[in-house]
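In terms of my numbering, the sequence shown opens at residue 2 and continues consecutively.
Don't be surprised by glycine CBs; every beta carbon is placed ideally from N, CA and C.
In what follows, a single structure is set out as structure tokens and then discussed.
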Amino acid sequence: MKYRVKITETLSKWVTVEADCPLDARDTAEEEWRNGSHYLGADNFQGVSFLVKKEPTGERDSLDG
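Now the structure itself:
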């Protein structure tokens, strides 16, 4: 029997930004991250999870997500 196993790694990092409110702080951090200012790598590893599904028969289903 074949199984599909989804492996999800979690990386996290605290950063400090200047902002007028929490929502602006989140937006600023996201923008900085998208621009490459905050790189998350192996040093930021927080955990891993595994999800197992039986291999679908016939047409491929939504297990890719």
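Self-check item: Beta-carbon gap between Val49 and Ile8 smaller than 8 Å
Solution: yes
Quiz item: Considering only the beta carbon of each residue, do Asn36 and Ser13 sit closer than 8 Å?
Solution: no
Self-check item: Own chain, CB closer than 8 Å to Gly42, minus 5 neighbours either side, in chain order
Solution: Leu12
Practice problem: Under 7 Å Cβ to Cβ from Ala20, same chain only, skipping five residues before and after it: list those, please. | Solution: Ala26 and Thr29
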